[in-house]
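As structure tokens, the structure follows; a few thoughts come after it.
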Amino acid sequence: MRRLVLLAALALAVPAQAATLYDDLGGEPVMRRVVEEATKNFLADKRIAVTFGETAIPRFKQLLFEQLCNVSGGPCTYTGRDMAKSHTALKITDAHFSALVEDLQDAMDKEKIAFTTQNRLLAILAPMRRDIVTR
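Reading the sequence shown from the start, the letters are residues -18 to -1, 1 to 117 in mature numbering (1 follows the signal peptide of the UniProt record, and there is no 0).
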């Protein structure tokens, strides 16, 4: 009986692991849907569609998922090139970058991801701007 009480006390003393941003975003199923919807938005957006002209879209979607998963604390490893090398020739402007962020937010809205959760992800992604914007 004493062992059971001790075991129960220890179980209660161990704090539950905090949810990651990845979990708050909905994990893999939701994040894959966000990537799918965001990619549709990017390609339909006249402000930025031209920047995807030479892009292998299936690979792009996989890399975007890996990146979002990785930076949000998920179990993924990003296997793509660094942002500067990937975007140098694309001549991305601040306006392009802002349009992409808007399209990503629209995709997250469609999945009903909380605004505060979206902002947590965007805060992590924001420093990449300096490697992506080249004009």
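Backbone N, C-alpha and C define an ideal beta-carbon position, used for all residues, glycine too.
- Message: For L(-13) and M13, what's the separation of their Cα atoms in angstroms?
- Response: At L(-13), the pLDDT of 45 sits below 50, so the modelled position is not reliable and the matter cannot be decided from this model.
Alpha-carbon to alpha-carbon, L72 and Q87 = 22 Å
**Prompt:** By a C-beta neighbour count over all protein chains shown, 10 Å radius and 16 as the cutoff for buried, is N23 buried or exposed?
**Reply:** buried
Quiz item: Nearest-angstrom Cα distance between T33 and F42?
Solution: 12 Å
### Task
Using 10 angstroms around the beta-carbon of A26, count the other beta-carbons present and answer buried if the total reaches 16, otherwise exposed.
exposed
Nearest residue (CA-CA) to H69, options T116, A20 and V16
T116
| Member of G8, R29 and F97 whose CA lies at the smallest distance from the CA of L50 | G8
A20 vs A89 beta-carbon contact at 8 Å = yes
Sort F79, R111, F97 and G56 by Cα distance to I30 and report the nearest one.
F79
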